[in-house]
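Heads up, the sequence shown is in full-length UniProt numbering, so the first residue is 1 and it goes up one at a time.
Just so you know, even glycine gets a beta-carbon here, dropped at the ideal spot from N, CA and C.
In this text the structure is predicted, and so the values were computed from the model without any measurement.
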Amino acid sequence: MSYDPNNIFARILRGEIPCNKVYEDEYALAFHDIAPQAPVHVLVIPKGEYISFDDFSQTAPAEAMAGFYRAAQKVTQMLELQPGGYRILANTGADAHQEVPHYHLHIFAGCDLGWMIKRGLV
Numbered sequence: 001m002s003y004d005p006n007n008i009f010a011r012i013l014r015g016e017i018p019c020n021k022v023y024e025d026e027y028a029l030a031f032h033d034i035a036p037q038a039p040v041h042v043l044v045i046p047k048g049e050y051i052s053f054d055d056f057s058q059t060a061p062a063e064a065m066a067g068f069y070r071a072a073q074k075v076t077q078m079l080e081l082q083p084g085g086y087r088i089l090a091n092t093g094a095d096a097h098q099e100v101p102h103y104h105l106h107i108f109a110g111c112d113l114g115w116m117i118k119r120g121l122v
């Protein structure tokens, strides 16, 4: 699969679509999800053309990878999520319901997030 430069996150990175920005640096952009699934639901996207975790892990330079994950950690600090806890999720592929073909992390917090996977499914 090739990267689609017209996906919504690519358009947000280019400034064509506005976002409610939480944090930005040379490696990443973090913003509030427009359809939050928890009281805190922030997306963190790398500044680069990466489709998925696999793509990012295999092709991003080490500096970009480190910068991206440090940006995600800065977001958790800025939003003071550590005391109550938070969940970080990355969907990859159809079975995981990845909706946007641009690698991204979801950061969820602000309530009891329940079990990660329903018991009895595995």
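Secondary structure within the UniProt domain "HIT" (8-118): the beta strand (DSSP E) runs of 3 or more consecutive residues, fully enclosed, are 21-24, 28-32, 40-46, 86-89, 105-109 (chain order). Of all C-beta pairs linking the stretch 80-94 to the stretch 22-35, fewer than three are shorter than 8 Å, placing the two stretches out of contact. Counting every other CB atom within 10 Å of its CB across the protein chains shown gives Thr-76 a total of 16 or more, marking it as buried.
Using a Cβ-Cβ distance cut-off of 8 Å, the stretch 44-53 and the stretch 7-24 are in contact, since at least three pairs of beta carbons, one from each stretch, lie closer than that value.
Annotated as proximal: Ala-109 and Ala-38, with beta-carbon spacing under 8 Å. Three or more Cβ pairs drawn from the stretch 16-31 and the stretch 62-78 lie within less than 8 Å of each other, which places the two stretches in contact. Cβ-Cβ distances below 8 Å link Pro-5 to Glu-49 in the same chain, with the five nearest sequence neighbours on each side left out; the list follows chain order.
Around the beta carbon of Leu-89, fewer than 16 other beta carbons sit within 10 angstroms, so the residue counts as exposed.
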